[in-house]
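Numbering (our numbering), first residue to last: 1 to 202.
What follows is the structure in structure tokens.
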């Protein structure tokens, strides 16, 4: 992930018609421009946007907005749940790696699996090495089959999985909000206290 720093300088705001010492002028000037050249050689069509963001960052709302504006959205959370089903190669690999106790009627028991991997970072890495490539392959297949002009890959793990560095997406859009805002949203959405929110990962 490239970080572009916009310094605080004086400048003429051609939108608000005022001169001030602020980085806002620079940000306004950058609206509608690209900070990095597009990698259009990756896919001639469709144009693929990787949408990511942490908990309560507004990613889901952004995905809904894009879906309402002629973009096909691939929800990687839902897609991963499909890959946990009975008979998939990923489910078989998980059973082989973590044992029969993580399976329930041929389907991956996500609660049982979670108790194992969230208590051991190395086992979580093992799971990610199974899930991420399988999910990426399915995403690429959906992209190849899409007839839409724009496809949005909605994935919280997009940066962790390195999809911004391979040829999965053309551009990455990241939803970022201050932690205090995210906490307020979780309290309102889930009807829990701020103390309970403190256990969430941001």
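Don't be surprised by glycine CBs; every beta carbon is placed ideally from N, CA and C. All values reported here derive from a predicted model rather than from experimental measurement.
Output the boundary residues of the alpha helix (DSSP H) element that contains residue 118. In the chain shown, residue 118 corresponds to position 118, counting from 1. Note, residue 118: premise wrong, no alpha helix (DSSP H); not H, not E.
Reduced DSSP category for residue 22 - H, G, I as helix; E, B as strand; rest coil: As a working note, residue 22 is residue 22 in the chain shown. In this prediction, residue 22 scores a pLDDT of 48, lower than 50, which makes its location untrustworthy; the coordinate-derived value is nonetheless stated afterwards. In the structure shown, residue 22 sits in a strand (DSSP, three-state: E or B).
Nearest-angstrom Cβ-Cβ length linking residue 206 and residue 84, presumed shorter than 8 Å: Nothing can be reported for residue 206: it is not among the residues displayed for the chain, which extend from 1 to 202.
For residue 48, which residues does DSSP report across the bridge? Along the chain shown, one-based indexing puts residue 48 at 48. Residue 48 is bridged to 151.
Could you tell me whether the Cβ atoms of residue 149 and residue 65 are closer together than 8 Å? Taking the first residue of the chain shown as position 1, residue 149 is located at position 149. Taking the first residue of the chain shown as position 1, residue 65 is located at position 65. No. Outside cutoff.
Between 50, 167, 45 and 56, which lies nearest to residue 188 when the distance is taken from Cα to Cα? Looking up residue 188 in the chain shown gives position 188. Checked all of 50, 167, 45 and 56; the closest Cα to residue 188 is 56.
Where DSSP assigns a beta bridge to residue 73, which residues make up the other side? Counting from 1 along the chain shown, the entry for residue 73 is found at position 73. In the DSSP output, where bridge partners are listed per residue, residue 73 has 152.
Three or more beta-carbon pairs under 8 Å between the region 70–88 and the region 138–156, yes or no? yes
Between which two residues does the alpha helix (DSSP H) containing residue 172 stretch? Residue numbering aside, residue 172 sits at position 172 when the chain shown is read from its first letter. Residue 172 -> not in any alpha helix (DSSP H); beta strand (DSSP E) instead, spanning 171–175.
How is residue 159 classed by DSSP in three states: helix, strand or coil? Residue mapping note: residue 159 aligns to position 159 of the chain shown, counting from 1. Note: residue 159 maps to coil in three-state DSSP.
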